[in-house]
Ligand SMILES: Nc1ncnc2c1ncn2[C@@H]1O[C@H](COP(=O)(O)OP(=O)(O)OP(=O)(O)O)[C@@H](O)[C@H]1O
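Residue numbers (the numbering used here): 13 to 326.
Following this line, the structure appears as structure tokens:
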């Protein structure tokens, strides 16, 4: 019988030692479990420890302590475990730019132990499926960024893994290419592939993920089903348009009311209506142009949690 989880990571820690610096844990006691056919978004601010974690999961970086199991197997001792996983790290860098699409697919298929005949057949299937058949013999460097990204995903799928790790799959893509890649990810999941997704594009994570983990300073500070997270934090977010800057003292007072973001004289504040009145009295006498209300989304929840997480782990 197949194990319930395609991925189990238990109490992962990774420490890096830098010259003349104390040892520090970039990943500190991280556990996560991914079920079959699930999209799991793994989020966090820059430097939170996401890449270190997914490299440990993909068998690219040995954990200092902790256990990884892919379909029940250890990627560091059992090569069958790596046959279950495909990884696309940092956009499209896992491609050879002077080789054609087909050559890349064949090459990476061979690295995974496929015969030439089965790699050729799989290459045809994937090029058709990803709408790249017309580019079969084009060099990677001549493709658009969206096509390169689709090819990078196709390369990672050559050996038909059950778990696909995608690091920033829509970074740098225009709106059309981004929608196409997003649709492709959904189709893969419908076919039973599980996805571990890291991204700073929180709207993409919100649209795709069934579950989400938010990491800050090496630790998971929140893990929930996406729908439950949105429901738990369902709150008003007020967008307050000002005609002048808010000084640091007032910003600190506003942060005590709720999660705040501030850009070009526009404040976003997640709070209840009473909090809004308090906020307006703090902002006064600066003139307020407009106040608009909308529901909190993953971005406002992320900011609220990671502001707290940073404070808690400072
Ligand atoms: N090889 C390394 N040697 C020393 N420190 C490292 C190494 N790799 C990562 N780090 C440090 O570990 C911490 C976590 O880095 P990591 O790349 O895992 O974070 P991240 O969440 O993926 O960040 P980003 O979103 O910016 O890619 C950072 O402080 C980083 O500087």
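Glycine included, each C-beta is placed from N, C-alpha and C at the ideal position.
- If you compare the alpha carbons of 216, 65, 263, 243 with that of residue 197, the shortest gap goes to 216.
- Sequence-distant Cβ neighbours of residue 267 in its own chain, meaning closer than 8 Å and more than five residues away, are 319.
- If you ignore the 5 residues before and after residue 278, its C-beta comes within less than 8 Å of the C-beta of 251, 252, 253, 254, all in its own chain and listed in chain order.
- The segment 77-115 contains, as complete beta strand (DSSP E) runs of 3+ residues, the segments 77-82, 97-100 (chain order).
- Beta-carbon to beta-carbon, residue 194 and residue 182 are separated by about 7 Å, close enough to satisfy the 8 Å threshold.
- For ligand 1, a non-hydrogen atom lies closer than 7 Å to the CB of residue 64.
- A direct Cα-to-Cα measurement between residue 56 and residue 171 gives close to 30 Å.
- The residues 21, 24, 26, 39, 74, 75, 78, 80, in chain order, have a CB closer than 8 Å to that of residue 68 in the same chain once the five nearest residues on each side in sequence are set aside.
- The Cβ atoms of residue 206 and residue 248 lie no closer than 8 Å to each other.
- The beta carbons of residue 145 and residue 131 sit no closer together than 8 Å.
- Not one heavy atom of ligand 1 lies closer than 7 Å to the C-beta of residue 32.
- Within the DSSP bridge table, the entry for residue 45 names 20 as partners.
- Using a 10 angstroms sphere on the CB of residue 53, the tally of other CB atoms reaches 16 or more, which defines it as buried.
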